[in-house]
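Take a look at the structure below.
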Amino acid sequence: MAKFLIFCCWFISPTAVFGQETLRIGILDNKCANGFDFKVEQSNFLLVNSEDKWKMEANWNVQIAPLGNGFRITFPDSTLDCPGPKLTLQSLHHDGKIAIPIAPTGRKQRYSHNIEVHNLGGRLRLVNLLPMDDYIAGVVEAEGGPKHELEYYKAQAVISRTYVLSQYHKHIDDNFNLCDQTHCQAYNGWPRNEQIMQDAAQQTQSLVIVDENVNLITSAFHSNCGGRTNSAEYVWSKKLPYCVETVDTFCMKMPNSNWEKRIPISEWSNYIRSKNLSASDSANYAYFPTEKEVFYREGSTKIPLVQMRKDLKLKSTYFTVHQDGEEMVIIGQGFGHGVGLCQEGSIRMAQLGYNYEDIIHFYYHNVKIIPFQYISFFKQE
Ligand SMILES: [Zn+2]
Ligand SMILES: [Zn+2]
Numbered sequence: 055m056a057k058f059l060i061f062c063c064w065f066i067s068p069t070a071v072f073g074q075e076t077l078r079i080g081i082l083d084n085k086c087a088n089g090f091d092f093k094v095e096q097s098n099f100l101l102v103n104s105e106d107k108w109k110m111e112a113n114w115n116v117q118i119a120p121l122g123n124g125f126r127i128t129f130p131d132s133t134l135d136c137p138g139p140k141l142t143l144q145s146l147h148h149d150g151k152i153a154i155p156i157a158p159t160g161r162k163q164r165y166s167h168n169i170e171v172h173n174l175g176g177r178l179r180l181v182n183l184l185p186m187d188d189y190i191a192g193v194v195e196a197e198g199g200p201k202h203e204l205e206y207y208k209a210q211a212v213i214s215r216t217y218v219l220s221q222y223h224k225h226i227d228d229n230f231n232l233c234d235q236t237h238c239q240a241y242n243g244w245p246r247n248e249q250i251m252q253d254a255a256q257q258t259q260s261l262v263i264v265d266e267n268v269n270l271i272t273s274a275f276h277s278n279c280g281g282r283t284n285s286a287e288y289v290w291s292k293k294l295p296y297c298v299e300t301v302d303t304f305c306m307k308m309p310n311s312n313w314e315k316r317i318p319i320s321e322w323s324n325y326i327r328s329k330n331l332s333a334s335d336s337a338n339y340a341y342f343p344t345e346k347e348v349f350y351r352e353g354s355t356k357i358p359l360v361q362m363r364k365d366l367k368l369k370s371t372y373f374t375v376h377q378d379g380e381e382m383v384i385i386g387q388g389f390g391h392g393v394g395l396c397q398e399g400s401i402r403m404a405q406l407g408y409n410y411e412d413i414i415h416f417y418y419h420n421v422k423i424i425p426f427q428y429i430s431f432f433k434q435e
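Just so we're aligned, residue 55 is where the sequence shown starts under the working numbering, counting upward by one.
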């Protein structure tokens, strides 16, 4: 009972807010550096700099471009030059969105809450300020794809939140937390399928994945493991005790289960010889591993499969090779590095009725799913 009381007291402590504050996400780098157009949607916004504020009505089209150290703002019926180095677009209602068309297609990405616009020596940098779960909902759609089951999205939400908290200071030098590219996590703004993505974030609110020592895990995932996930050591030469080889039959009949690539024999032999100058023209390049291999071997040639995948832009390291006329045919299974959660296996598990906890425990071994606020408490135990 004493333990329970301590636990409750700690949980309501005002210090337990790490991760609940507004996130700063760097968005659209290189896409809006020279200025951008946007449309105000669903609410009025305020445009604020250090001295003034201007109201923008719903449905207005506005343009912001760098001008010296400040900005030129083009409203529907007027133009305004204002000093920098920062402008903030503030939504006056929680439903407000700023829609920004993205070149070259002009497809709009919509952003909620606030956007800071910084003029960094004539180049604009945009930062979206928003609550954790609204960000998670956007990431779940961008990383998880559309039209799947809620439990799969919930697993992705927990993975994404774990990533945010373990990489919270990744872009500290850029004055934001994370960028919107795969360098961090893909984030294309407010999700198009907003209900299910928000449900996934909110129904897993504050949950993260920790290892046996209550440290946030490296929540790696990939598209399709090809029937067997890889250990982290296999790909990154670094052991992660929760990312071990796992037989996965769930992903066997999914879109990325199988692939084929054909390469002209000359190109293939040039590649092999670039790795081993003594390899002959008459080498037998056929490769049919009977079990999981670390290296492709031909004669004395030994090439790490992880390297080969990168060099030849193969979808995975699981493949066989045979000759067909003037071509080498590479037939493979799976897509991605194969470490951690297999997305297509998870999609199938969710279709079969498994919940997000089953999915996470299947792909990450000996982990716990806990509210991030509890991490310090468990560490003290
Ligand atoms: Zn990044
Ligand atoms: Zn799989």
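Idealized CB from N, CA, C, for every residue including glycine.
(request) Rounded to whole angstroms, what's the CA-CA distance from lysine 107 to threonine 142? Just pull it up for me. (result) 9 Å
(message) Distance check for threonine 76 and serine 260, CA to CA, integer angstroms please.
(response) 14 Å
(message) For the pair the segment 291-304 and the segment 238-250, tell me if three or more CB-CB distances fall below 8 Å.
(response) In this structure the segment 291-304 does not touch the segment 238-250; the number of beta carbon pairs closer than 8 Å is below three.
(message) Going by C-alpha to C-alpha distance, which of Ile423, His276, Leu180 and Pro185 sits closest to glycine 388?
(response) His276
(request) Label arginine 161 either buried or exposed according to how many other C-beta atoms from any shown protein chain fall within 10 Å of its C-beta, with 16 as the threshold for buried. (result) exposed
(request) State the DSSP-derived secondary structure class of tyrosine 189, mapped to helix, strand or coil. (result) helix
(request) May I ask whether a heavy atom of ligand 1 can be found less than 6 Å away from the beta carbon of histidine 223? (result) no
(request) Determine which residues share a DSSP beta bridge with lysine 433 and list them. (result) In the DSSP assignment, lysine 433 forms no beta bridge with any residue.
(request) Verify the contact flag: histidine 237, CB atom, against every heavy atom of ligand 1, threshold strictly below 6 Å. (result) yes
(request) Grab the span of the alpha helix (DSSP H) containing glycine 399 for me, first residue to last. (result) 397-405
(message) Can you tell me which residues form a DSSP beta bridge with serine 313?
(response) The residue you asked about is not serine; residue 313 is tryptophan in the sequence shown. Tryptophan 313 pairs with Gly386.
(message) Can you give me the C-alpha to C-alpha distance between phenylalanine 304 and tryptophan 244, rounded to a whole angstrom?
(response) Near 30 Å, if we compare the C-alpha coordinates of tryptophan 244 and phenylalanine 304.
(message) Please report the distance separating the alpha-carbon of valine 102 from that of glutamine 144.
(response) 8 Å
(message) Going by C-alpha to C-alpha distance, which of Pro425, Phe431, Val393 and Tyr339 sits closest to glutamate 287?
(response) Val393
(request) Under 6 Å Cβ to Cβ from tyrosine 372, same chain only, skipping five residues before and after it: list those, please. (result) Gly280, Gly386, Gln387 and Gly388
(request) Would you mind working out which of Pro425, Glu345, Lys356 and Ala153 sits nearest tyrosine 339, comparing C-alpha positions? (result) Lys356
(message) What I want to know is whether the C-beta of cysteine 233 ends up closer than 6 Å to one or more non-hydrogen atoms of ligand 1.
(response) yes
(message) Mapping the DSSP letters down to three states, classify tryptophan 244 as helix, strand or coil.
(response) coil
(request) Output the boundary residues of the alpha helix (DSSP H) element that contains glutamate 411. (result) Element bounds for glutamate 411: 410-417.
(request) Between the Cα of tyrosine 410 and those of Arg126, Asn278 and Thr258, spot the shortest distance and give me the residue it belongs to. (result) Thr258
(message) Using only the alpha-carbon positions, how far apart do alanine 240 and valine 193 sit?
(response) 6 Å
(request) Spell out the partners DSSP gives tyrosine 372 in its beta bridges. (result) Gln387
(request) Would you identify the three-state DSSP class for valine 475, choosing helix, strand or coil? (result) Summary: the structure shown does not reach residue 475, with the chain confined to residues 55 through 435, and so no result is reported for it.
(message) Any heavy atom of ligand 2 inside 6 Å of the beta-carbon of cysteine 297?
(response) no
(request) State the start and end residues of the unbroken alpha helix (DSSP H) segment that holds glutamate 440. (result) The chain is shown only over 55 to 435; residue 440 falls outside these bounds and no answer can be derived.
(request) Taking 7 Å as the cut-off, decide whether the C-beta atoms of isoleucine 169 and asparagine 182 are in contact. (result) Their beta carbons are under 7 Å apart, which means isoleucine 169 touches asparagine 182 by this criterion.
(request) Classify tyrosine 350 as helix, strand or coil using the three-state DSSP reduction. (result) Here tyrosine 350 sits in strand by DSSP.
(request) Please list, in chain order, all residues with a C-beta atom less than 5 Å from at least one heavy atom of ligand 2. (result) Cys279, Asp302, Cys305, Cys396 and Gly399
(request) Just mark alanine 157 as buried or exposed, buried being the case when its beta carbon has 16 or more other beta carbons within 10 Å. (result) exposed
(message) Comparing C-alpha positions only, which one of Leu146, Val262 and Asn88 sits nearest to proline 120?
(response) Asn88
(request) Count the CB pairs spanning the segment 173-182 and the segment 373-382 that are closer than 8 Å, and state whether there are at least three. (result) no
(message) Let's test the definition: count the other Cβ atoms within 10 Å of the Cβ of arginine 402 and tell me whether it reaches 16, buried, or not, exposed.
(response) buried
(message) Less than 7 Å between the beta carbons of asparagine 98 and leucine 134, yes or no?
(response) no
(message) Restricting to Cα atoms, I'd like to know which of Asn269, Pro137 and Leu395 is closest to glutamate 197.
(response) Leu395
(request) Take phenylalanine 61 and list the residues in its own chain whose beta-carbon comes closer than 7 Å to its own, dropping the five residues that flank it on each side. (result) Reliability fails at phenylalanine 61, whose pLDDT of 36 lies under 50, so the model's placement of it is uncertain and the value that follows must be treated cautiously. Taken in chain order, the residues that qualify are Phe431.
(message) So for glutamine 495, helix, strand or coil by DSSP?
(response) Here the chain has residues from 55 to 435 only, and residue 495 is not among them.
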